[in-house]
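Residue numbers (my numbering): 1328 to 1649.
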């Protein structure tokens, strides 16, 4: 019995400490941290830092564009499209609105809340037709609210050059007498209205003829994308460091427990008592075996003998009482 217990406890003491980290809990935690750090470095942080770079470039273009006077539209729109560096540059053009080919943009909120945005073609004097974003009209329902009609006479307008958007998946449709779209894509609007349009479009500025409520120019603010990107980098670094700390704490705790066990065994040896699981098993073995009547009497006599040996023996008086 004692040999079996010794083998069992001895095997536990000899098992390498690193084997505890192959338990499912540790493996799952390590895999989660590795995957999290990978995505933090390869996706989350670059995503936020990329958005910050885009905003910085946009702000620089806007600031530079408004430092110069508006240019004729033909100098900015080359064959109906603009260079990416010329976005937000102010342009001037003269011509006439074409309200029969007008469309409204749905599902695009403004700073004031739900609204519809109005897109009206404008034929310049050189014969090129541009899509003009005339602004937005707030709405409280699903229908199209009443908004200011475009002038029917020849006018001169000033706007900012904007790049064409990617065509939305949802197709244009006509309802309540309005052609409605889900994005500003001139090719899709051309297919819906049959009106030839330049590739990129123009956003009307405040106070110009035909303006409803002009879309505000973006504020020159970087936002929080840079701090978010740095936070994801920090999280990606801290997660493996945290795992390393918990591994170190686990090893340290096991070493401390092993040291305490060694100190207890050393104290037991110094006191002359058996140690470890063998003593526990032997004690259990003795307690589990009942003593016979003769053995109990023998132990009782031995106990009396030991007590008598420890007590002093009184001196016997001699025959004369001395």
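Glycine included, every Cβ here is placed at the ideal spot set by N, Cα and C. Given the structure is predicted, the values throughout are model-derived calculations rather than measurements.
Within the region 1344-1406, the complete alpha helix (DSSP H) segments of 4 residues or longer fall at 1351-1366, 1372-1392, 1400-1403, listed in chain order.
Only residues of its own chain outside the window of five on either side were considered, and among them 1536 have a CB closer than 6 Å to the CB of residue 1482, listed in chain order. Taking all protein chains shown into account, residue 1493 has fewer than 16 neighbouring C-beta atoms within 10 Å of its C-beta and is therefore exposed.
Between residue 1541 and residue 1550, the C-beta gap is not smaller than 9 Å, which leaves the two residues out of contact. Residue burial is scored here from C-beta neighbours: residue 1472 has fewer than 16 other C-beta atoms within 10 angstroms and is therefore classed as exposed.
Contact between the region 1525-1534 and the region 1458-1478 is present: three or more C-beta pairs spanning the two stretches fall below 8 Å. Taking C-beta atoms as the reference points, residue 1465 and residue 1440 count as a pair closer than 9 Å. Residue pairing by DSSP places residue 1488 opposite 1529 in a beta bridge.
DSSP lists 1507 as the bridge partner or partners of residue 1500.
For residue 1429, the closest of 1361, 1445, 1407, 1415 by C-alpha to C-alpha distance is 1445.
Burial check for residue 1564: the Cβ neighbour count within 10 Å stays below 16, so the residue is exposed. Residue state for residue 1481 is assigned as coil, using DSSP reduced to three classes. For residue 1557, the enclosing alpha helix (DSSP H) covers residues 1552-1597. Cβ-Cβ distances below 7 Å link residue 1409 to 1403, 1488, 1490, 1527 in the same chain, with the five nearest sequence neighbours on each side left out; the list follows chain order. Across the set 1353, 1414, 1513, 1477, the C-alpha of 1477 shows the shortest separation from the C-alpha of residue 1424. Closest in C-alpha terms to residue 1538, from the list 1591, 1433, 1511, 1484, comes 1484. The alpha-carbon of residue 1448 is positioned some 9 Å away from that of residue 1427. Contact fails between the region 1567-1585 and the region 1379-1388, because fewer than three Cβ pairs, one in each stretch, are under 8 Å apart. Spanning the alpha carbons of residue 1562 and residue 1367 requires a straight line of approximately 7 Å. In this structure residue 1474 is buried. Its beta-carbon is surrounded by 16 or more other beta-carbon atoms within 10 angstroms.
Note on the region 1434-1484: there is no whole alpha helix (DSSP H) run with a minimum of 4 residues.
Assigned with DSSP and collapsed to three states, residue 1423 falls in strand. If you draw a straight line from the Cα of residue 1350 to the Cα of residue 1569, it is about 18 Å long. Contact check for residue 1567 against residue 1360 passes: the beta carbons are separated by less than 9 Å.
The beta-carbon separation of residue 1412 and residue 1388, rounded to 7 Å, stays under the 8 Å limit for a contact. It is roughly 35 Å from the alpha-carbon of residue 1506 to the alpha-carbon of residue 1390.
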